[in-house]
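Residue numbers (this note's numbering): 118 to 471.
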């Protein structure tokens, strides 16, 4: 973890930041490996402190290697004030999107040093995964793959979408997942035209096309996968749409590489789908980064001008949605490598008709 702290220090030096107050639970996990629910970190150019109460001091000492553990008995911000005075800090950066106005007001009142609002500095470091992170994400993807294989064996007409989602969620937990990445999407029949059709009481019917969008948390990192399949013969129009989406998804896999921007990669899928006249039916981005959060940088969208770099993990998830008929989305997680990319999710993508 100290290697990550040192990367943060390099960014701090570039921006004339004397110390950084870390409060985001995801950024804390990234920098300290702390998995508790109460705590914050203060990183200076040569020291690192982790502040928490008596419930978590022992856990923090085990997890936050290289950090000096400080126990707060009163307000946790009082300890930040004492550190700022003791270390004679000229300024303190804080995460402007994670500190509430009330918290900022307290800090402004008790600190004599300058407060510097910062957004995205640690998140940018998180976009490039190290070998341990990649291995953990791969295991989260393996669990998702196993869940898809499992659900194909048990799903049948008459089950509700919620029953299908619960089957998948419990199965992923049985394989070591700590939870789901997000509420599992099970959208069947005409509901598959809803890109985020979270599982409902709708019964699975013969002839339904079913979109499953799901993933799990494993040791703090997520997977995110979508597969679309049918129970019984689907509408011919849906089979046609399926092939278009699959072609677009595979084209993205062919093109994804370092140096390409999110805008360029998004255009690969978007242009292919548009060539069949379905541009208006593909309303979301082609993908996004994953890691400690289900949505993080870098993005794969028409607004993303940042180039991909080795170590990024992104999704590839084009789709077509036609209200009143249904929709198709196919999604993989992929790692950007020096040679191009490596797909981390391995479930079959040809249209399966059960």
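Quick reminder that beta carbons are idealized off the backbone N, C-alpha and C, glycines included.
Looking only at its chain, what residues have a beta carbon closer than 7 Å to the beta carbon of residue i, apart from the 5 residues adjacent to it on each side?
i           : result
residue 118 : 148, 149, 150, 182 and 183
residue 271 : 284
Where does residue i fall in DSSP's three states?
i           : result
residue 306 : helix
residue 258 : helix
residue 271 : helix
residue 471 : coil
residue 253 : helix
residue 379 : helix
residue 311 : coil
residue 209 : strand
residue 348 : strand
residue 136 : strand
residue 342 : strand
residue 331 : strand
Measure from the alpha carbon of residue i to the alpha carbon of each residue in the options, then state which is nearest.
i           : options               : result
residue 134 : 143, 161 and 308      : 161
residue 117 : 267, 258, 364 and 208 : Residue 117 is absent from the model: the chain starts at 118 and stops at 471.
residue 317 : 303, 267, 325 and 307 : 303
residue 434 : 446, 424, 440 and 423 : 446
residue 409 : 436, 213, 359 and 143 : 143
residue 204 : 450, 165 and 233      : 165
residue 312 : 441, 231 and 328      : 328
Does the beta-carbon of residue i have 16 or more other beta-carbons within 10 angstroms, so that it is buried, or is it exposed?
i           : result
residue 471 : exposed
residue 399 : buried
residue 426 : exposed
residue 406 : buried
residue 211 : buried
residue 416 : buried
residue 172 : exposed
residue 163 : exposed
residue 106 : Residue 106 is absent from the model: the chain starts at 118 and stops at 471.
residue 298 : buried
residue 137 : buried
residue 422 : exposed
residue 371 : exposed
residue 341 : buried
residue 123 : exposed
Cutting at 6 Å between CB atoms, please list the residues of its own chain near residue i, excluding the five before and the five after it.
i           : result
residue 289 : 260, 264 and 333
residue 469 : 346
residue 383 : 403, 417, 418 and 419
residue 241 : none
residue 455 : 427
residue 325 : 305, 306 and 348
TODO: Report the residue ranges of all beta strand (DSSP E) runs contained in full by the stretch 383–466; include only those spanning at least 3 residues, in chain order.
DONE: 404–406, 413–417, 430–433, 436–439, 443–446, 449–454 and 457–460
- [ ] Could I get the ranges of all uninterrupted beta strand (DSSP E) runs contained in the stretch 161–203, with 3 residues as the minimum, in chain order?
- [x] 165–169 and 185–188
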